[in-house]
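Participant:
In the numbering used here, the protein residues as written are 5 to 436.
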């Protein structure tokens, strides 16, 4: 549990990050972020892809400049000294030609230390994270969990005051991640390191509740703090503890409130802003979620937290599906629950041909781009239009790569629903 001091070790005040656009506008990534990190505190930043979480860590670490705002360390407005912090990334980022001790030592080589001292510190860090005996092993000989332990050792060997974790457990399988988190919390609890504070970025709600003393919930596009949750539960925490489960459920409710308030009729256009969502919203997944919601034990209504547990889907995978179901009028989102509408239930009971008819009607009614393509094809003399026509229109607001990805998604949906056809050889849309 957090022990707070009067003076935060780190403060962010009115921090903004944006990029200038060719049309003179600004693409806002982070909007007016205010954040404090107290001594002996683990703070989590929780949000979907596109919320600027990783960008914020890179600004704090000095890897990216902020556009405006202040970073205050120990009460002094100034960039953080590089020796003050270390970061563990999602990817292991090990040098394959270096062995374990060499990978861990690399952060010390710029500090003008004697080689014996560097070697001792590296061995101590390796021992601390439980890799004794693997000092001379190469990354190709190690499991994913071992590789990430090296990442932690490389961060801790420099004796930082602040540790930044950027989705540090997300590349691991569930069992390995659970074990590594438990060992990490043990190290933190017994104060075996010189760490003063930890800042964690994650999109895993349960992970945030199990590890953190405070959780800041970020909105997406742009990233903005929308809520702060204090977690007063002693470590170690058990995921089956009713208090933990209630907190996870409450955070799901807060995050899904944004879905229930979103009245956009063009989720596909919105999702292209975040390319990591593009491949996740398939007709197979939509159909699967609808069928699960319709069947026992949900009978059309499910708590989103329980649903995510059953499906083993993170918020980055589940929320886009729920957004699209809502946009298509197949489901409603209310107070952390997802409810199938009468149309959604009708769709669940329909055969393949009936499903295609329902899906086609709701795509045309609720997805503006699909409706526009269909209208353009109907107005065309030969009922055909070249792909370049739609790319030209889309690139007025999107980068060409994004426009092409968005159009490919639309083609996939339209083909399933038999709204129009697309010939990849001639790059031509057509309609009967």
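Cβ coordinates follow ideal geometry from the N, Cα and C atoms, glycine included.
(1) With a CB to CB cut of under 7 Å and the five nearest residues on each side skipped, what residues in its chain are close to residue 325?
(2) Would you mind sorting residue 80 into buried or exposed? The rule is 16 or more other CB atoms within 10 Å of its CB.
(3) At which residue ranges does the stretch 32-58 contain complete beta strand (DSSP E) runs of 3 or more residues, listed in the order of the chain?
(4) Distance, Cα to Cα, residue 144 vs residue 151?
(5) Compute the Euclidean distance between the alpha carbons of residue 132 and residue 310, then round it to the nearest angstrom.
(6) Is there contact between the stretch 354-369 and the stretch 384-391, where contact requires at least three CB pairs shorter than 8 Å?
(7) What did DSSP end up calling residue 341 once you bin it into helix, strand or coil?
(8) In whole angstroms, give me the CA-to-CA distance for residue 276 and residue 407.
(9) Touching or not, the stretch 251-259 and the stretch 69-79, by the rule of three or more beta carbon pairs under 8 Å?
(10) Give the list of continuous alpha helix (DSSP H) stretches no shorter than 4 residues that lie fully inside the stretch 105-160.
(11) Once you ignore the five residues that flank residue 186 on each side, which residues in its own chain have a CB closer than 8 Å to its CB?
(12) Classify residue 227 as helix, strand or coil using the three-state DSSP reduction.
(13) Under a three-way DSSP split, which group does residue 92 fall into?
(14) Spell out the partners DSSP gives residue 234 in its beta bridges.
(15) Which residues bound the alpha helix (DSSP H) around residue 396?
(16) Could you pull the start and end residues of the alpha helix (DSSP H) that residue 75 belongs to?
(17) Which residues in the same chain as residue 56 place their Cβ atom closer than 6 Å to its Cβ, once the five residues preceding and following it in sequence are excluded?
(18) How close, in whole Å, do the beta carbons of residue 167 and residue 135 come, if the pair is a contact with beta carbons under 8 Å?
(19) Specify the secondary structure class of residue 10 as computed by DSSP and reduced to three states.
(20) Drop a sphere of 10 angstroms on the beta-carbon of residue 208, count the other beta-carbons inside from all chains shown, and report buried for 16 or more, exposed for fewer.
(21) Quick one: what does DSSP say residue 277 is sitting in, helix, strand or coil?
(22) Taking 8 Å as the cut-off, decide whether the C-beta atoms of residue 428 and residue 374 are in contact.
(23) What residue does the beta strand (DSSP E) around residue 410 start on, and which one ends it?
(24) Three or more beta-carbon pairs under 8 Å between the stretch 11-24 and the stretch 167-177, yes or no?
(25) Check residue 69 in the structure and name its three-state DSSP category.
(26) Counting C-beta neighbours from all protein chains within 10 Å, is the total for residue 120 16 or more, i.e. buried, or is it exposed?
(27) Going by DSSP, name the residue or residues bridged to residue 427.
(28) Count the other C-beta atoms from every protein chain shown that fall within 10 angstroms of the C-beta of residue 201, then say buried if there are 16 or more, exposed otherwise.
(29) Who are the near neighbours of residue 395 in its chain, counting only those whose CB is closer than 8 Å to its CB and skipping five residues on each side?
(30) Would residue 67 be called buried (16 or more neighbouring beta carbons within 10 Å of its own) or exposed?
(31) In whole angstroms, what separates the C-alpha of residue 106 from that of residue 100?
(32) From residue 360 to residue 206, what distance separates their C-alpha atoms?
(33) Can you tell me which of the three DSSP states residue 375 falls into?
(34) Suppose you measure from the CA of residue 302 to the CA of residue 245; what does that come to, to the nearest Å?
(35) Assign residue 268 to one of two classes, buried (16 or more other C-beta atoms within 10 Å of its C-beta) or exposed (fewer than that).
(36) Alpha carbon to alpha carbon, how far is residue 343 from residue 182? Give it in angstroms, no decimals.
Facilitator: To lay it out plainly:
(1) 285, 289, 290, 293
(2) exposed
(3) 45-50
(4) 9 Å
(5) 36 Å
(6) no
(7) strand
(8) Because the pLDDT of residue 276 is 44, which lies under 50, any placement of that residue in the model is unreliable, and the number read from its coordinates should be weighed accordingly. Computed Cα separation, rounded: 8 Å.
(9) no
(10) 119-132, 148-160
(11) 240
(12) strand
(13) strand
(14) 218
(15) 391-398
(16) Counting along the chain, residue 75 falls outside any alpha helix (DSSP H), though it belongs to the beta strand (DSSP E) covering 72-77.
(17) 33, 34, 227
(18) At roughly 18 Å, the Cβ-Cβ gap does not stay under 8 Å, so residue 167 and residue 135 are not in contact.
(19) coil
(20) buried
(21) No answer about residue 277 holds up, because its pLDDT of 42 lies below 50 and its placement is not dependable.
(22) no
(23) First-last for residue 410: 404-421, but that is the alpha helix (DSSP H), not the beta strand (DSSP E).
(24) no
(25) coil
(26) exposed
(27) 432
(28) buried
(29) 404, 407, 408, 411
(30) exposed
(31) 10 Å
(32) 37 Å
(33) helix
(34) 23 Å
(35) Caution applies to residue 268, whose pLDDT of 49 falls short of 50 and renders its modelled position unreliable; the model cannot decide the point.
(36) 32 Å
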